[in-house]
Structures are given as structure tokens and as C-alpha cells.
Amino acid sequence: MRNCWLLLLGCLAAACGGNFSNDDLEFLNALPTREDLASELPGANGMVGEGGLRRRTDALAVGEPSDLYRDTREASDTFNGGMDGLLTLLEEIRKLPPTTREPELRVWGPWPDPHHPGHEVRFAMKREPEHFIYLLQYRTPGSGEEGWWSALEGAFQPDGGLRKGTGAVRLLVKETKARGFDVGGLANLDLLEIVYQTRALPITVRMRFVPAAPQTASEILYAYRELPGGLGEMGFLLEDTDILPGTRKEDLAIISRWTKDRGGVGIISVTGGDVPMGFTATQVECWDASFRVTYLKRSWETAEVGSASACPDVSALEQP
Amino acid sequence: MSRLSGQGLVLVLALVLAAAVQAQPPRRFALVVGNDDGGADTRPLRFARDDARRMHGLLTRLGGVEFGDARLLLDEDAGDFLRALAELESGSRTARARGERTALIVYYSGHAKDGALRLGDSALDLESLKRRLLAAPADIRIAILDSCRSGALTRTKGARRAPAFAIDAGAAREARGLVILTSSSADEDSQESDLLGGSYFSHHLGSGLMGDADRSGDGQVTLFEAYSHAYARTVADTADSSAGAQHPTFSYDLAGNGDLVLTDLRGRDEGLLVPRTAPAGAYYFVNPAGLVVAELDKAVDAERRLALAPGRYTVKRRLADRLRVGEAEVQRGRTTVLDESRLRDAPFSDDPVKGVAPRERALRTYWTLGLTGGYHSFFDTPTRENLFLSTPLLGLEVGLHHYFRENWRWDIDLSLGARRATLELPTLSGPRYRYSLLNVGTSLVAEWRLGRFSPFVGPRLAYLVMGRDFEDASLPDQFYAVFTPGLVGGVRWRMSDRFELTGRARLHYLLYNVDAQRSLGYWELGALVTYRL
């Protein structure tokens, strides 16, 4: 009989509880989603044939696949790939209820990390007066509270609405590599930093790839803006890179703006290096919904390919 | 106005009555009424009609009432009562016009409450009945009321709880010719016995009329003897009952008439004779159904006669250590002499008195099925605005009535509620979601019937599952499930035999422990339409 009562109490206890929490929602609201940060360039990956900035040599004709779209696609994929690990991690966190709930703290874990045997992992969020901060941390079992070290740190200042606010995420690649972790495609970096704002339109996301210290490669900056309706902009800045014939290095900037289904416009700007002082080499290229060239104009050539009137209207994105 | 009391009064009264005994017996009219049902807010009786049948049989067999001058009403209402009384009054009036002396006997077994006899859903005011009897065209009027609190009718007329009663001489001159016997005093219940298959009072009155009350041994049972016997035995039998001792009352106002012989056993061969040589003590006569139909208290060297109806009886004597049991058959028109020596010894476990099986339940168990609508809300404002929302409810409910106990109801209910809402939190506002509530509960309530209305109250245990599904996929669906104890109360209104309408309120306690441990309370108001299955 005693066992029956214990069983009944167990069933009753199991039937109670849940995750109904307003605070949980506020904490989760501080985490960015793929929808917030990922670049949404029309056209699937690999839809257009291979191409690249460095193979840009010959003039294109109207109707040919757009090289600049292809470059934008590549930049977008790199941009999204840089955040994929972060976003995947956050999506997993969202699926799980917090392990620890305190008035100003939520902790998921710690759990043994199957990807890094011999380590425990936890994700901790703290609410402060004006913003939330969060950390992805690892430690070796038994190392105590002091043993935790961070592989990722983020912050978010909410603005009241659903994922509306300003945030920043830093993937601490250098520290992670120093702990002996395999960081995959980020091995050549010391830091990947993402800063975003979703408070007002257009939402903006800036990504900074900081190369590993011994290397001479330059930082790469990506900037992404998005407006409702499929209007998007991807900015790419690569400084001190040898892109033109000659021995000196130029600064390369590409800004691509696109519509949801009427193609886009790309502008390549090269300054410094082998470009004459005070002169900017530019190339404007427009493509249609099937990513084929409709217009091409290079600053160092007088002839145009196609008609500028064929370019889509992306003026809404020209505002800073 | 003088007031007599004590043994002296008894002696005087006995002398007066003895003279009256010699007078020519009056023509007797009898109205015998039995009704088990006392209408709303009373519990049905078991043996009121049986008591009336037995009394009707006794009066017509032994009481000098011609069959045509008797009326037996079973489960009839107050209107029928008065109409039958009017018929008998008319007959008495006619007989008196011919120069006959008449007596009118009214016997009632049933419910009485709040100063009125309760015949089903109808009522007959006791004071009105008394005035009616006072004015009845009969020389002697006898009312025998076997009902709860019937003593209210005699309380104002010199009735006492003891057989030694007083007579208000002044009142006697004004209200002559009326005798009232009641089974209980003004503040007592009249009790029934499953073993006797009737009420204690009517049983002992009837047994006394068959001869057990014939103290004088003259073969006649007078009104006084019958009452004295019924009083003593009723008090003795009910002294140890859970309801307490029941004290019959007597109001005697027979100015100039004296006592009245109710049954005359002289010259009747039919019956049972316990000879002088039989051992003294109590004898019980049990019918084939196992019910005691008569008792006899025999004294030493005294011959006793009992006017049992023809039939077979089991005779029982109770000794200190055993029973003496035997059979006796009373044949029509013949006297059966009991031979005690032919009784056999029997253990107490072989008691032939079986009685009537206890009634399983006066109110029958039944199920109801209902549709309910209501509203659910928490007392705490922030909670009901942003956590557990106020919600309308629709549901089903099943009720089991009078199963565990009379006037207890066990309910199982299921209701659902849902609504759309927008989240408004300090750092997060705007997400749309659907809030839903599942409410499963069980309650056990006690009801009090007040006519068609039945207020009720009782504990309830509910299992609540509250959930919210957000339109935005980045926010997780949430739920909270918990058992919540509470109270439910309300009023049930019986609209018809099958349909009932209930209004009710619930108060519950809920322990919330996700964000923090908080004690919350919520209320529910609802209406319920039920169908009796």
C-alpha cells in the first residue's frame, strides 16, 4: 500500500510543472535569430556558376550571368557561414528550458559536451538594468566555478518589441583555439565579431573577421542591411589587397543591393594601390531576376553595356 | 380556574370514565390517513401507510367502526382529507338527527412540520384541523396523530408528557367532546422501526387495542388504557434511540362523557388466550413476515386475551439467557390457548423477529449530465493580464447524486477555454499568442433541499493545464500544469423533473513555481444546465 501511495504521489508530481514563464521569454528575446542576422540574398547557393573577384577580367555582355551577383552571393554565403555556428547554437538553446532560473539569471547546463570530450558546457544569461549579457562557457569537470572560460560572449539591449534592439556577439576564436578546441573554418581568425541593430529599419548587421595575429591578412568587414519586402544590401570591405595588375595593394569595396524578384545593382570601388591618386575605379553592374547582366558601366571605359534604365529601383537603401 | 394533578386526578378520572364505560356505545365514524410523502424538504417515511392500513383494520375489526363508516386514505392530499372528513361529518350529523350518539375518530400517520400536517406537497394546518374537529357534529371526537412534533396540537390544552394529565376545567366547558392523542411532543420527532415495520407509537397503540393495554382485565380497552400503554411502551422503546425518547401527549376534553371504550374484546372467541398458568413476562407475536404485530405483558396468575387476527404466528418469549419460541395458529371464530410448555428453547441468534430490511436510501442515486459555461480569472492583476489570462470556459459535467450519502453530490467536470492575446512585458511587447486552458476537476458537495432550490457547498480538486502558443516561432510554446484545491458553492434549481439549472462559484489556490514560487488564487463563475439520466 505504501508503494501505491508513493507511486500515486510520483504520478501527481510528474503531472505538474511546466515552462510557463514570462522571464524566460524576456531572456530568450535577447538572443538573435537566424532571421535577424542572416543575409537573405535571392537565389540559392551555387545557383550561379563559379566566379570570383579575382577572375574578373573581360567585359560582359547583356544576358550573360552576372559576375557581381556571383561575388555578392559568395560574400553572402561567407557572411552567413560565419554566423551559422552561433545561430545553430542559439536555436538549440531555444528548444530547451533553462536548467537554472533565478530572478536575473538563466543557465542552461552544465552538460558534458559530446563534441569536446572531457569538457562541460553551459550557456548563461544575466539580466542587468539596461541590457542582457550571455556567455557560452566550457570547463573541465571538477574545476569549480573558477574553471569556466568563455568561447562566446554577447549582449543585447532590448527596445521593447520582439527582438527589437541592439546587440553584439563575439566569437572568441583565439581563446578557444588556445584551449585546444577545433574551430573548423574559423582557424585563421582570432575573433569574429557581429554587431547588429534591429531597433529601426533597415536592420543592420556588421561582421568583422579579425585574422589570426601572425598572419598579415587584413580584417574583412561585412555589412548587411535589410528592409521589409525583400530589399537587401551587402557591403564588403577588403583593405590592402592586390586586386589590380601591379605590385601595390588596393582597397576594395563592394556594395550590392537587391530586390526580392527584380534583380539587383552592384557597385565595385577600388581605390589606392595601382589606381591613380585621387581616382576611384568603379564598376556598376545590374542584373535581372535570373541574375543575368542587364547593364554594365566601368569608370575607365566610355562604353556602356545595356541600358541603365534596366536597373531595379533600390533607392530605398541609399539612405544611410 | 382550578388545576388538578397527580394520582388524585387519575383516580377521579378513572371513576368518571368507569361510569361512562357502562353507557351505550356510540356509532363510530373513522377517517384513517397515511402518507409517506411530506413533500419538499422532508425525507419520505417508510411505514406511514402501513400504520394506517393496520389502524383501519383494527378499528373495523375491533373498534366498532362499520366498514362503510370508515375511510382509508393513502398518499392523498389535504383536499382529499377534508373532503373525506366532510363526508363522515355528514354521516354523523345524519345519525345524530336520528337520535344516535356518534363518535368521530381521525387517525393520521405521516409528516408534520411547522404547525401543519404535510400530505405530499399539500399542508393542513393543525390549528384549523383542531377547530374543525371541535365544531364537528359528533358527540365524541378523537384525533390520533402519529407524526413529528404533533404535540403542538395538544400543548395548549393541558397536555403533559406523563400519563397523569391535568384537565383545564374552564376550557373543558367550552370545548367539550374532543380527545387528541399525539405520538410525540411539540419538539420531538416521531420514530419508525424497521423491526416493527411501523412507528413505535402506532405499533404500541395497536397492540394495546388488541388487548395488551387492558390493564383492568375486563376485556375492554379504553381510550385512557390505550394511551397509557402506548405512552409507556413508546417511551421505553425509544429511550435509547439516537433521536432520543419520544413522549406521546394526550389532550382530554370529554366534559360529561367520561372515558371511551375503544375496543371491546368481550364475547369475541377469535383470538389468542394466554392462560393464568402460563409464566409471567413479555410475549411477542410475530407474523410470517418476521414483524411483531402484537405484544403481551402477562402478570402472574393473570389470564390475558389478545384479539389477534386469524393467521399463523410465531410466539416469542425473551428470557435472560435464551429465547422461548413456538408456533400458534389463530383460527377464525375460535380462541387459541397458548401452551407455553410447547415453546422450545432457542438461542438469541434464532430470533424470529426479522423486521424490514433497512431502506437502502430514501433518495435514489442518479446521474446528471450537464453543459457548463463560465469565466475563469485570477485575483492578482498582473497575473491575469500577462501570465494566466482571464478566460471564458465551456465544458461538460457529470454528477452522481446521493451515492455516497443522501444529499451529497459527486461531480466530475471538464472545461476548456481559449483566447488570443498580445504579450506585454517590460522588455518584450507585441508577440501574438493563443492562450488555452484545460480545467479538469472533481468535487464532493453537500446539498440542502429548499423546495426547488438546493444550495450546496463542498471541496473541489482541479487539474489545470495552461498553455500559450506564439505565432512567432522564435518563442517557445509554454505550458503549466498543476493540481489546485478549492471550494465550490452555489444553488441548483430544479426546473423540471429532468432539467436543472445551477449557478456556482469556485475559489481555488494555485501554486506557481516556474519564475518564482508564488501562491495565487483564482475564481470561476459558471452556469450549468443538467439533464437527469
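Protein chains in written order, with the numbering used here: chain A, 1 to 320; chain B, 1 to 533.
Beta carbons are placed, not taken as given, at the ideal position from N, Cα and C, and that holds for glycine.
DSSP places B/Thr263 in the uninterrupted beta strand (DSSP E) bounded by Val261 to Asp264. Under the DSSP assignment, B/Pro382 falls in the alpha helix (DSSP H) whose first and last residues are Thr381 to Asn386. Listed by position along chain B, the residues whose Cβ is nearer than 7 angstroms to that of A/Leu162 are Leu428, Gly430, Pro431 and Asp472. Taking 9 angstroms as the cut-off between beta carbons, the residues of the region 468-496 of chain B near chain A are Arg468, Phe470, Asp472, Ala473, Ser474, Leu475, Pro476, Asp477, Gln478, Phe479, Tyr480, Ala481, Val482 and Phe483, in sequence order. A direct Cα-Cα distance of roughly 17 angstroms separates B/Arg141 from B/Glu66. In terms of Cα proximity to B/Asn386, the closest of B/Leu400, B/Leu394, B/Ala421 and B/Asp269 is B/Ala421. Bounds of any alpha helix (DSSP H) do not take in B/Ser349, whose DSSP letter is neither H nor E. Taking C-beta atoms as the reference points, B/Leu528 and B/Leu507 fail to come closer than 8 angstroms. According to the DSSP secondary-structure assignment, A/Tyr224 is paired through a beta bridge with A/Val205 and A/Met234. Taking CB atoms only, A/Gly109 has no neighbour in chain B less than 8 angstroms away. Boundaries of the alpha helix (DSSP H) harbouring B/Ser228: Leu223 to Thr238, taken from the DSSP string. Note on geometry: alpha-carbon atoms of A/Pro141 and A/Leu90 lie some 23 angstroms from one another. For B/Asp515, the residues of chain A that pass the 7 angstroms Cβ criterion are Ser21, Asn22, Asp23 and Arg101, in the order they occur in the chain. B/Arg419 is a Cβ neighbour of B/Thr391, given a cutoff of 8 angstroms. Around B/Leu423, the beta-carbon contacts reaching into chain A at under 9 angstroms are Asn22, Leu25 and Leu162.
If you draw a straight line from the Cα of A/Pro245 to the Cα of A/Val293, it comes to about 25 angstroms. When DSSP assignments are scanned along the region 405-440 of chain B, the uninterrupted stretches of beta strand (DSSP E) that are 3 or more residues long and fall wholly within it turn out to be 408-424. For B/Ala462, no alpha helix (DSSP H) run applies; the uninterrupted beta strand (DSSP E) run containing it begins and ends at Phe453 to Phe470, by DSSP. Under DSSP, B/Arg27 shares a beta bridge with B/Thr102.
Beta-bridge partners of A/Met125 (DSSP): A/Arg106 and A/Tyr134. Residue environment analysis places B/Ser415 among the buried positions, since at least 16 neighbouring C-beta atoms fall within 10 angstroms of its C-beta. In this structure, B/Arg46 lies away from B/Glu270, with their beta-carbon atoms at least 8 angstroms apart. Note on the region 43-126 of chain B: whole alpha helix (DSSP H) runs with a minimum of 4 residues are 48-61 and 78-97, in chain order. Relative to the Cα of B/Arg304, the nearest Cα in the group B/Asn287, B/Thr277, B/Arg322 and B/Ala328 belongs to B/Thr277. Among the residues facing chain A, B/Met466 is included, as its CB has a counterpart in that chain under 8 angstroms away. The count of Cβ pairs closer than 8 angstroms, one atom from the region 196-213 of chain B and one from the region 235-250 of chain B, reaches three, so the stretches are in contact. With contacts defined by Cβ atoms closer than 8 angstroms, B/Leu262 and B/Leu209 form a contacting pair. When 8 angstroms is used as the limit between beta carbons, A/Cys16 is near these residues of chain B: Ala481, Val482 and Phe483, in chain order. If you ignore the 5 residues before and after A/Leu152, its C-beta comes within less than 6 angstroms of the C-beta of Leu136 and Leu171, all in its own chain and listed in chain order. Nearest neighbour of B/Ala138 by Cα position, chosen from B/Asp41, B/Arg28, B/Ile144 and B/Asp69, turns out to be B/Arg28. For B/Leu416, no Cβ of chain A is located within less than 8 angstroms of the residue's own Cβ.
The beta carbon of A/Ala310 sits closer than 7 angstroms to those of Cys286, Thr294 and Tyr295, all from its chain and outside the five residues before and after it, given in chain order. Per DSSP, the beta-bridge partners of B/Glu500 are B/Arg494 and B/Thr530.
The closest CA to that of A/Leu162, considering only A/Asp288, A/Gly266, A/Thr33 and A/Pro129, is found on A/Thr33.
Within the DSSP bridge table, the entry for A/Thr72 names no partner.
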